[in-house]
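Student: The sequence shown lines up with residues 57 to 237 when you count with our numbering.
C-beta atoms are modelled at their ideal positions from N, C-alpha and C, and glycine is treated no differently.
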Amino acid sequence: MPYPWRWPCRRSVRVTWRTSCGASTTAFPYRTRSLDVYRIHDRRFHALSGFGAGARGGRWNPRGVPVVYTSAAYEGTLLEVLAHMGASRIPRGHVASRIVLPNRRDVQVLDEADFPDWSDRTASRGIGRDWVESQRSLALQVPSYVAQPWGRNVLLNPRHADFDRVRVAEIVDVGWDPRLF
């Protein structure tokens with residue numbers, strides 16, 4: 057560590073941009089910028105259908121309530137898929153999608169302090185069902201059970217009025233490392 061006094065420093069969230077005429081504007085980028093989330097899915101199905109989770113249910117939604125499960129980090133998506141498929145075989149026919157939410161303000165964050173029993177499936181399904189039915193936000197950021205304590209998943213509500221603004225920006229084949237299996 058050549059500069060130990062710089063280690064604890066954190067960058068300010070405030071950012072100054074230069075406009076085309078040279079004037080500067082100060083803004084908080086998290087208020088207006090888009091948000092990328094990631095999803096690994098079978099290539100036969102559309103990334104944003106929500107059909108699979110709606111048909112089977114999941115940690116955050118009961119059966120019959122469609123939700124699109126994504127992760128805030130690509131690595132979190134890999135962990136989620138491995139947790140559900142098991143580590144016995146390499147998944148075939150899967151692709152990774154980078155999904156763009158139009159505005160970070162559309163994401164409601166679940167505060168774990170308000171829901172200490174979030175890891176209980178019954179409680180978390182109730183939270184997810186209430187969120188979908190309330191139409192409070194396009195997306196809900198929730199803790200990832202397999203990537204605790206810092207991993208985050210982002211649930212998308214396909215029934216939300218702004219869901220048509222969500223877009224799949226990129227689809228690529230998943231490169232699975234055989235050492236994982």
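Starting from Asp186 and walking both ways along the alpha helix (DSSP H), at which residues does that stretch end?
Tutor: 177-190
Student: Give me the DSSP bridge partner(s) of Asn117.
Tutor: BP columns for Asn117 are empty, so no partner.
Student: So, with DSSP's three-state summary, where would you put Phe171?
Tutor: coil
Student: I believe Glu136 touches Val202 by the beta-carbon criterion, under 8 Å. Please report the beta-carbon distance rounded to the nearest angstrom.
Tutor: Contact check for Glu136 and Val202: beta-carbon distance about 6 Å, within the 8 Å limit, so the pair qualifies.
Student: What is the DSSP secondary structure of Tyr201, reduced to helix, strand or coil?
Tutor: Coil, per DSSP.
Student: Run the CB neighbour count on Ile96, radius 10 Å, all protein chains shown included, and call it buried at 16 or more, exposed below.
Tutor: That one is buried.
Student: Using 8 Å as the threshold, is the region 183-192 in touch with the region 124-141, meaning 3 or more CB pairs across them?
Tutor: The region 183-192 is not in contact with the region 124-141.
Student: Return helix, strand or coil for Val137, following the three-state DSSP convention.
Tutor: helix
Student: Could you check which residue in Arg208, Gly149, Val156 has the C-alpha nearest to that of Leu166?
Tutor: If you compare the alpha carbons of Arg208, Gly149, Val156 with that of Leu166, the shortest gap goes to Arg208.
Student: Please classify Ala217: is it buried, with 16 or more other beta-carbons within 10 angstroms of its beta-carbon, or exposed?
Tutor: exposed
Student: Express the C-alpha separation of Ser90 and Arg215 in angstroms, rounding to a whole number.
Tutor: 20 Å
Student: Helix, strand or coil for Leu236? Go by DSSP, reduced to three states.
Tutor: Correct three-state label for Leu236: helix.
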